[in-house]
Amino acid sequence: MYRTASIAGSLSLVASLAAQIFGGPDLEKPAPPAPATGPSAPGEQVVVVYNLNLEPESRQVAEHYAARRGVPARQLIGLPLPRTEAMSRTEFRERLQKPLVAALAERGLARFPDPGASPNTPGLPAARVRYLVLAYGVPVKITADTNLQENVPEKLAAPLRRNEAAVDSELAALPRLEAGALLTGAIANRFYGTTNVAALHPTNGLFLVTRLDGPTPQVARDLVDRALAAETNGLFGRAYFDVRSLPTNSPYYKGDAWIRDAAETARRQGFETVLDEAPGTFPAWLPMPQIALYAGWYDRHVCGPFTRAPVEFMPGAVAYHLHSFSARMVRSARADWVGPLLALGAAATMGCVDEPYLDLTPHVGIFFTWLLTLRHHFAEAAYAAMPALSWQITVIGDPLYRPMAREPRELHAELERTRSPLLPWSVLRVVNLNLAAGEPVPPLIVYLRQHPLTATSALLAEKLGDLYRQENQPERALAQYRTALGLDPSPNQRLQLWFKVIDLLVAAGREGEALEFYAAFFREHPDYPDRARFYEQALPLARKAGDAARVAQFEQELARLRPPPPPPPTAAPAEPS
Numbered sequence: 006m007y008r009t010a011s012i013a014g015s016l017s018l019v020a021s022l023a024a025q026i027f028g029g030p031d032l033e034k035p036a037p038p039a040p041a042t043g044p045s046a047p048g049e050q051v052v053v054v055y056n057l058n059l060e061p062e063s064r065q066v067a068e069h070y071a072a073r074r075g076v077p078a079r080q081l082i083g084l085p086l087p088r089t090e091a092m093s094r095t096e097f098r099e100r101l102q103k104p105l106v107a108a109l110a111e112r113g114l115a116r117f118p119d120p121g122a123s124p125n126t127p128g129l130p131a132a133r134v135r136y137l138v139l140a141y142g143v144p145v146k147i148t149a150d151t152n153l154q155e156n157v158p159e160k161l162a163a164p165l166r167r168n169e170a171a172v173d174s175e176l177a178a179l180p181r182l183e184a185g186a187l188l189t190g191a192i193a194n195r196f197y198g199t200t201n202v203a204a205l206h207p208t209n210g211l212f213l214v215t216r217l218d219g220p221t222p223q224v225a226r227d228l229v230d231r232a233l234a235a236e237t238n239g240l241f242g243r244a245y246f247d248v249r250s251l252p253t254n255s256p257y258y259k260g261d262a263w264i265r266d267a268a269e270t271a272r273r274q275g276f277e278t279v280l281d282e283a284p285g286t287f288p289a290w291l292p293m294p295q296i297a298l299y300a301g302w303y304d305r306h307v308c309g310p311f312t313r314a315p316v317e318f319m320p321g322a323v324a325y326h327l328h329s330f331s332a333r334m335v336r337s338a339r340a341d342w343v344g345p346l347l348a349l350g351a352a353a354t355m356g357c358v359d360e361p362y363l364d365l366t367p368h369v370g371i372f373f374t375w376l377l378t379l380r381h382h383f384a385e386a387a388y389a390a391m392p393a394l395s396w397q398i399t400v401i402g403d404p405l406y407r408p409m410a411r412e413p414r415e416l417h418a419e420l421e422r423t424r425s426p427l428l429p430w431s432v433l434r435v436v437n438l439n440l441a442a443g444e445p446v447p448p449l450i451v452y453l454r455q456h457p458l459t460a461t462s463a464l465l466a467e468k469l470g471d472l473y474r475q476e477n478q479p480e481r482a483l484a485q486y487r488t489a490l491g492l493d494p495s496p497n498q499r500l501q502l503w504f505k506v507i508d509l510l511v512a513a514g515r516e517g518e519a520l521e522f523y524a525a526f527f528r529e530h531p532d533y534p535d536r537a538r539f540y541e542q543a544l545p546l547a548r549k550a551g552d553a554a555r556v557a558q559f560e561q562e563l564a565r566l567r568p569p570p571p572p573p574p575t576a577a578p579a580e581p582s
């Protein structure tokens, strides 16, 4: 479906970067298959690296992951590493790369080429492990080494003449580094876009490297727990995607195209999907209930609904915001994007530790398609979507996480049998899968009306209202939204329902009833973001309804929230001569 050539060469600044890293002879060779032999249990294919200088936190994260995923104790490797998020190139080589290679070899987990072997065969001769997991405390970024002397090809573009990198991305290319690959610039991922994810293997030159990290050790430990919860019970929730609506001739249009692909993938997999087409990011006032998936761009720091409590991430949620420095500080709950998303409850994300340039960031469309439609592991989807290694991308989450591991029919039957509180989500997925397949709306309205859970589920009552609204039956939609409000919706779903009810009441000319909802909103949410916009909406309704008291109240609040600009200074009178 996706081809490397289809995304190369459209950024004006770095038009030649993708061509440069993809243009070598490696891409002309067929990808060899992964070895058929080796351990079958996924946990036995994992090595966990932790920081001996950050005891006990780093070790406890490693041990927690090993216990949950069945990683053998001999595959936990502790190394004395810097306690900081950044490490120098020398520290990486002497304290992480060389000791890790030695430990993998000594424990019989991987066999590296003999010194002097040809760099044209970058894969390892043998490997019993496939995944490297970096526990909380392992540095995230390798800083630039200005003293590094390499024979860099003259044709290498200036933006690629850098040697800083994400630790994850550098270790992913460990077989290539050991074979003498350049540290300057990026290394082409030969398996970018592959559907044969079994080829993502050290014997083909690629370790699948992710990290269990975040603002606190507890957040890092939670990542595997959140992943396992979704694997066991299903990943349910709503999908939110945010494009910038750039023109097709923009050099950055491909970012929008990737996110649109991801949104379409989510919709076809039955997720209740929102695609924001406005130029800016999701506004802070927008309710975002029950988030299962998120992808957007391009704000410097976490913003919008993610700054307003509560943020309703569902168990196993996958969230990604594309920005050049989204992972500049992974262990901060406030700065950038990666740390805050993890602290708020996301189970998996990716980010950039330094400027990557758009061509060399993960293809979001491939990532979500491989994760949701093809049902691959998180690490497989991430590295199949990764154009380059030894570059700037960090991948955070359980590499073995498969959010769509359960077959939908089998999962639905189990949720019915156990009377799970998640069953309404599975019913919603049934409706959305039928809509995605082109089924007409009226039979689905009948299905929801007759389903016994619709009478007790705010989720299904709201969906039935949405279907009525789609079929131009506003009174029935309004009745369903009112019903949903009485069925214990989540805080953000309640706000979403309020705004839907207000829209329908205003459209029906029932200003007085709409005003009562506005009054309740103002009373219950005195510090809501962009409160002025709601007073601006409510003021004409109060005037039309002849509600003088509310007109005065709303005008007073607007004057307070949006005071007029001060008058320009007047010129001083001229002095008499």
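In my numbering, the protein residues as written are 6 to 582.
Idealized CB from N, CA, C, for every residue including glycine.
Query raised in the report: Are the Cβ atoms of P404 and A384 separated by less than 8 Å?
Result: Result yes, Cβ atoms of P404 and A384 sit closer than 8 Å.
Report task. Give the DSSP bridge partners of T278, in chain order. Result -> The secondary-structure analysis by DSSP pairs T278 across a beta bridge with A244.
Requested in this report: Identify whether H326 lies in helix, strand or coil by the three-state DSSP scheme.
Outcome: Three-state result, H326: strand.
Report task. Return helix, strand or coil for P320, following the three-state DSSP convention. Result -> Reduced to three states, the DSSP call for P320 is strand.
Query raised in the report: What residues are listed by DSSP as bridge partners for I82?
Result: Paired residue(s): V54.
Query - Neighbourhood of R333 by C-beta distance below 6 Å, restricted to the same chain and skipping five residues each side - result: Within the same chain, R333 has close Cβ partners D341.
Requested in this report: Let me know the alpha helix (DSSP H) ranges lying completely inside the region 413–453, each 4 residues or longer, listed in chain order.
Outcome: Within the region 413–453, the complete alpha helix (DSSP H) runs of at least 4 residues are 413–423, 428–441.
Requested in this report: Measure how close the beta-carbons of F97 and E175 come, nearest whole angstrom, since I'm counting them as under 8 Å.
Outcome: Yes, F97 and E175 are in contact; Cβ-Cβ is about 7 Å, under 8 Å.
Query raised in the report: Excluding sequence positions up to five away, which residues of its chain have a Cβ less than 8 Å from the Cβ of F330?
Result: When the five nearest sequence neighbours on each side are left out, the beta carbons in the same chain lying within less than 8 Å of the beta carbon of F330 are those of R305, D341, C357, V358, D359, E360, in order along the chain.
Query raised in the report: Would you call the CB atoms of A235 and A351 closer than 8 Å?
Result: At the C-beta level, A235 and A351 stay beyond 8 Å of one another.
Query raised in the report: Taking only beta-carbon atoms, is D119 less than 8 Å away from chain C?
Result: Absent here is chain C; the protein component of the structure consists of one chain.
Query raised in the report: In terms of residue numbering, what span does the beta strand (DSSP E) encompassing G356 cover?
Result: Per DSSP, the continuous beta strand (DSSP E) segment holding G356 begins and ends at 354–357.
Query raised in the report: According to the Cβ coordinates, are A322 and V279 closer than 8 Å?
Result: No, Cβ-Cβ distance for A322 and V279 is not below 8 Å.
Query raised in the report: Can the beta-carbon of A512 be found closer than 8 Å to that of P479?
Result: P479 sits close to A512, with the two beta carbons spaced by under 8 Å.
Requested in this report: Count the other C-beta atoms from every protein chain shown that fall within 10 angstroms of the C-beta of I152, then say buried if there are 16 or more, exposed otherwise.
Outcome: Sequence inspection shows Asn at residue 152; the Ile mentioned does not correspond to that position. By the neighbour-count rule (16 or more Cβ atoms within 10 Å), N152 is not buried but exposed.
Query - Between the CA atoms of W503 and G198 - distance to the nearest angstrom - result: For the pair G198 and W503, the Cα-to-Cα distance works out to about 43 Å.
Query raised in the report: Roughly how far, in whole angstroms, is the beta-carbon of V248 from the beta-carbon of D261, given that I think they are within contact range, below 8 Å?
Result: Indeed, because the Cβ distance is near 4 Å, the residues count as touching under 8 Å.
Query raised in the report: From this set, N439, Y388, L416, which residue's C-alpha is nearest E368's C-alpha?
Result: This sequence places His at residue 368; Glu is not what is there. Selected option, being the one with the closest Cα: Y388.
Report task. Can you give me the start and stop residues for the beta strand (DSSP E) that L298 sits inside? Result -> Start and end: 296–301.
Query raised in the report: Of the residues W263, Y299, V145, V400, which one's Cα is nearest the Cα of G370?
Result: Minimum Cα distance to G370 is reached at W263.
Report task. Would you give the residue range spanned by the beta strand (DSSP E) that V138 belongs to? Result -> Its beta strand (DSSP E) spans residues 136–140.
Query raised in the report: Is it buried or exposed for G113, if we count other Cβ within 10 angstroms and need 16 for buried?
Result: By the neighbour-count rule (16 or more Cβ atoms within 10 Å), G113 is not buried but exposed.
**Report entry** Outcome for D227 when other beta-carbon atoms lying within 10 angstroms are tallied against a minimum of 16
**Finding:** Flag for D227 reads buried.
Report task. Would you mind sorting Q102 into buried or exposed? The rule is 16 or more other CB atoms within 10 Å of its CB. Result -> Buried, by the Cβ-count rule.
Query raised in the report: By the 10 Å Cβ neighbour count, where 16 or more other Cβ atoms means buried, how is V506 classified, buried or exposed?
Result: Residue environment: V506 is assigned as buried (16 or more neighbouring CB atoms within 10 Å of its CB, all protein chains considered).
Report task. Would you check if the distance between the CB atom of A537 and the CB atom of R567 is smaller than 8 Å? Result -> Between A537 and R567, the C-beta gap is smaller than 8 Å, which places the two residues in contact.
Report task. Mind checking who I192 pairs with in its DSSP beta bridge? Result -> DSSP links I192 through a beta bridge to L394.
Report task. Using only alpha-carbon positions, find the residue among E269, R313, D364 that is nearest to P256. Result -> With distances taken between CA atoms, P256 lies nearest to D364 out of E269, R313, D364.
**Report entry** Per-residue DSSP class, three states only, for K160
**Finding:** Annotated three-state conformation of K160 is coil, per DSSP.
Query raised in the report: Which residues share a DSSP beta bridge with K146?
Result: According to DSSP, K146 shares a beta bridge with A91, A171.
Query - Continuous alpha helix (DSSP H) stretch holding T215: start and end - result: For T215, no alpha helix (DSSP H) run applies; the uninterrupted beta strand (DSSP E) run containing it begins and ends at 213–217, by DSSP.
Query raised in the report: Which first and last residues belong to the alpha helix (DSSP H) in which S63 is found?
Result: Its alpha helix (DSSP H) spans residues 62–74.
**Report entry** Cβ neighbour criterion (16 or more within 10 Å) applied to L57
**Finding:** With fewer than 16 other Cβ atoms within 10 Å, it is exposed.
Query raised in the report: When we look at the beta-carbon of L109 and count the other beta-carbons within 10 Å, is it buried (16 or more) or exposed?
Result: Buried is the call here.
Query raised in the report: If you drop the 5 nearest sequence neighbours on each side, which residues of the same chain put their C-beta closer than 6 Å to that of V556?
Result: A547, R548, listed in sequence order.
Query raised in the report: Under a three-way DSSP split, which group does A178 fall into?
Result: A178 falls in the coil class under three-state DSSP.
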